[in-house]
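> With this note's numbering applied, the sequence shown corresponds to residues 267 to 500, in that order.
Heads up, the beta-carbon is just placed ideally off N, CA and C, and yes, glycines get one too.
Owing to the predicted nature of the structure, the values given are computational and were not obtained by experimental measurement.
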Amino acid sequence: MNFAQQGKKKAITFSYDDGVTQDIRLIEMLNKYGLKCTFNINSELLGKSGMLSGSGKRVSHYKVHPEDVRRIYDGHEVAVHTLTHPLLTALDEKEIIRQVEQDRLNLSELAGYEVLGMAYPCGGKNNDDRVANIIRECTGVKYSRTITSNRSFDVQENLFRFNPTIYHLYFDELMTLGREFVELKTDTPKIFYIWGHAYEMDYENDYWQKLEEFFCLISNKDDIFYGTNREVLL
């Protein structure tokens, strides 16, 4: 792993989905604290607008425009989220490959480098061994994140069903795990992996403030590597 090669045993990485305009504010905050993130994007939904409801509030779900992808996500990582956000476990092999590989190729052109990462779309049980094996064997994707939080910092062998540590809106657990990770002394590599959607930060007035408190807690530590998913996992 890249961070281990640099002599560090601990790494923190973030993963945010959907390619929404709230990513712009998130990136400004990530950059302020020297943190890195992977942004998983549906290339055929770029530029589309919509609204989503959560916590009794409606928030914008506007996708960034394709011509802005390279500029907005500069310094971070663009990754696959499929063309149109379907439930992959319900699709046949041909359509899984099309949804994943064409999205990868589209995003590679937009980002200006070969896209290698991915996050599975849809909630609930959004992945299984069949889908993971198809992606591994028939696409250029090298790793893919689930939405199953494991509350663990342990390195995982299966990069095609990679489980994150914690979902970003679980703020109490996020801070507890953050303090634990900062204080952790280890002789083996450990990864703190946080995932979410930037639009969810608009659900409550204090969500952005809470996330920034977490960023402040974990940032600027000499013994921690801060990288994109690609930099940490590959």
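Using CA coordinates, which residue listed in Glu497, Lys408, Glu466, Glu333 is at the minimum distance from glycine 383?
The residue you call residue 383 lines up with position 117 of the sequence shown. The shortest C-alpha separation from glycine 383 is found at Lys408.
> What residue does the beta strand (DSSP E) around glycine 462 start on, and which one ends it?
Residue 462 sits at position 196 when you count from the first residue of the sequence shown. Glycine 462 -> beta strand (DSSP E) spans 456 to 462.
> Report back the beta-carbon spacing between asparagine 308 and glycine 341 to the nearest angstrom; my notes put them in contact at under 8 Å.
For this step, residue 308 is matched to residue 42 along the sequence shown. For this step, residue 341 is matched to residue 75 along the sequence shown. Their Cβ separation, rounded to whole angstroms, is 21 Å, which puts asparagine 308 and glycine 341 out of contact at 8 Å.
> Which same chain residues end up closer than 7 Å to glutamate 501 when comparing Cβ atoms and leaving out the 5 residues on each side of it in sequence?
Coverage of the chain is limited to positions 267 through 500, which leaves residue 501 absent and any answer about it impossible.
> Rounded to whole angstroms, what is the Cα-Cα separation between isoleucine 490 and lysine 275?
The sequence position of residue 490 within the sequence shown is 224, counting from 1. The sequence position of residue 275 within the sequence shown is 9, counting from 1. Distance between the alpha carbons of isoleucine 490 and lysine 275 is about 7 Å.
> Does the region 350 to 366 come into contact with the region 325 to 339, if we say contact requires no fewer than three beta-carbon pairs (one atom in each stretch) closer than 8 Å?
The region 350 to 366 vs the region 325 to 339: no contact.
> Taking only three categories from DSSP, how would you classify asparagine 424?
Here residue 424 refers to the residue found at position 158 of the sequence shown. Here asparagine 424 sits in coil by DSSP.
> So the candidates are Thr452, Asp395, Arg417, Ile432; which of them puts its Cα closest to the Cα of aspartate 426?
For the purposes of this step, residue 426 is taken as residue 160 along the sequence shown, with counting starting at 1. Looking at the sequence shown, residue 426 is not aspartate but phenylalanine. Comparing Cα positions, the closest option is Asp395.
> Taking buried to mean at least 16 other C-beta atoms within 10 Å of its own C-beta, is methionine 317 buried or exposed?
What you label residue 317 is simply residue 51 of the sequence shown in a count that begins at 1. Exposed: under 16 other Cβ atoms inside 10 Å.
> Can you give the beta carbon distance from glutamate 466 to leucine 435, rounded, assuming they're within the 8 Å contact cut?
By one-based count along the sequence shown, residue 466 stands at place 200. By one-based count along the sequence shown, residue 435 stands at place 169. Indeed they touch by this definition, with Cβ atoms about 6 Å apart.
> May I ask you to report which of helix, strand or coil DSSP gives lysine 360?
Along the sequence shown, one-based indexing puts residue 360 at 94. In the structure shown, lysine 360 sits in a helix (DSSP, three-state: H, G or I).
> Using DSSP's beta-bridge definition, name the partner residues of glutamate 343.
For the purposes of this step, residue 343 is taken as the residue at position 77 of the sequence shown. For glutamate 343, which the question treats as bridged, DSSP gives the partners Thr304.
> State yes or no: is the C-beta of tyrosine 386 within less than 8 Å of the C-beta of threonine 412?
In the sequence shown, counting from the first residue as 1, residue 386 sits at position 120. In the sequence shown, counting from the first residue as 1, residue 412 sits at position 146. Against a cut-off of 8 Å, the Cβ pair of threonine 412 and tyrosine 386 comes out as a contact.
> Output the boundary residues of the beta strand (DSSP E) element that contains aspartate 283.
In the sequence shown, counting from the first residue as 1, residue 283 sits at position 17. First-last of the beta strand (DSSP E) with aspartate 283: 276 to 283.
> Are threonine 304 and threonine 494 touching if we call contact CB-CB under 8 Å?
The residue you call residue 304 lines up with position 38 of the sequence shown. The residue you call residue 494 lines up with position 228 of the sequence shown. Against a cut-off of 8 Å, the Cβ pair of threonine 494 and threonine 304 comes out as a contact.
> Which whole-angstrom value is the C-beta distance of leucine 500 and asparagine 306, which I expect to be below 8 Å?
The count along the sequence shown starts at 1 and reaches residue 500 at position 234. The count along the sequence shown starts at 1 and reaches residue 306 at position 40. Contact flag wrong, Cβ pair sits at about 16 Å.
> Across which residues does DSSP place lysine 329 in a beta bridge pair?
By one-based count along the sequence shown, residue 329 stands at place 63. The partner list for lysine 329 (beta bridge, DSSP) reads Val286.
> Give the single residue among Glu361, Thr405, Leu373 whose Cα lies nearest to the Cα of proline 332.
On the sequence shown, residue 332 is found 66 positions in, with the first residue counted as 1. The candidate whose alpha carbon is nearest that of proline 332 is Leu373.
> Apart from the five residues on each side of it in sequence, which residues of its chain come closer than 7 Å, Cβ to Cβ, to glycine 462?
Counting from one through the sequence shown, the residue named residue 462 turns up at place 196. The residues are Tyr282, Tyr433, His434, Leu435.
> For glutamine 288 and valine 421, I'd like the C-alpha separation in whole angstroms.
Numbered from 1 along the sequence shown, position 22 holds the residue referred to as residue 288. Numbered from 1 along the sequence shown, position 155 holds the residue referred to as residue 421. Rounded to whole angstroms, glutamine 288 to valine 421 spans 30 Å at the Cα level.
> Given that a residue counts as buried once 16 or more other Cβ atoms are within 10 Å of its Cβ, and exposed if not, what is glycine 444?
Position 178 of the sequence shown, counted from the first residue, corresponds to residue 444. When all chains shown are included, glycine 444 counts as buried.
> Please report the distance separating the alpha-carbon of leucine 301 from that of alanine 270.
Looking up residue 301 in the sequence shown gives position 35. Looking up residue 270 in the sequence shown gives position 4. C-alpha separation (whole angstroms): 18 Å.
> At what residues does the beta strand (DSSP E) containing isoleucine 413 begin and finish?
Stepping through the sequence shown from its first residue, residue 413 is reached at position 147. Neither: isoleucine 413 is in no beta strand (DSSP E) and is coded neither H nor E.
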